[in-house]
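In the numbering used here, the protein residues as written are -4 to 177. Here is the structure we will look at.
Here it is in structure tokens:
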């Protein structure tokens, strides 16, 4: 059984930042000063996933206003994947932190990229539903997925996602680098 433990930004930088840099492509990483800003405003939270007193992964959770929680940079280290630990972490989040729901986005599922299919199947198995929307963020196509305890429209999901993008990158970058694909 895993534990999910909230950690400070200092612990994240000391013990997880190097893994974040290695695991997520540069074009997907956020400007660290903006991460620090959302953390200082109480929006950004960092968590580690622990098994037998050993860290096996991490993720970011964001929350502001009446928006549902947004999960970002969810990672279980390769040697611990396909053992149910990621699913346990998602269940923990939904049962204990984001009781009203959770939103995220994944890279667009494409036939020639098995990682995108695997990622989608992981979230689908955890009760997430794909929303028929597509975003182009910094040249990468993403699709929103949700696990929310109420009825919600595509337009509401788009608004939630772009509220998070606005907080994370700022208006100028959002207008320049992010859009909904019609």
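Every residue, glycine too, gets a C-beta built ideally from N, C-alpha and C. Quick caveat, the model's predicted, so the values are computed rather than measured.
Start and end residues, alpha helix (DSSP H) containing residue i
i           : result
residue 163 : 149 to 164
residue 244 : The first residue shown for the chain is -4 and the last is 177, placing residue 244 beyond what the model contains.
residue 29  : 27 to 35
Residue i - partner residues in DSSP beta bridges
i           : result
residue 174 : 131
residue 70  : 53
residue 142 : 97
Environment of residue i [buried if 16+ CB atoms lie within 10 Å]
i           : result
residue 107 : exposed
residue 100 : buried
residue 116 : exposed
residue 172 : exposed
residue 21  : exposed
residue 175 : exposed
residue 43  : buried
residue 142 : buried
residue 139 : buried
Where the beta strand (DSSP E) through residue i begins and ends
i          : result
residue -2 : -2 to 2
residue 75 : Run containing residue 75: none; DSSP gives neither H nor E here.
residue 39 : 39 to 46
_I'd like to know if the segment 27 to 42 and the segment 159 to 170 are in contact, where contact means that at least 3 CB-CB pairs between them fall below 8 angstroms._
yes
*Fully enclosed by the segment 79 to 136, which alpha helix (DSSP H) runs are 4 residues long or longer?*
80 to 87, 109 to 120
*asked:* Can you confirm whether the segment 147 to 161 touches the segment 56 to 69 when touching is taken to mean that 3 or more C-beta pairs between the two stretches lie within less than 8 angstroms?
replied: yes
*Between the segment 50 to 64 and the segment 91 to 99, do at least 3 Cβ pairs fall closer than 8 angstroms?*
yes
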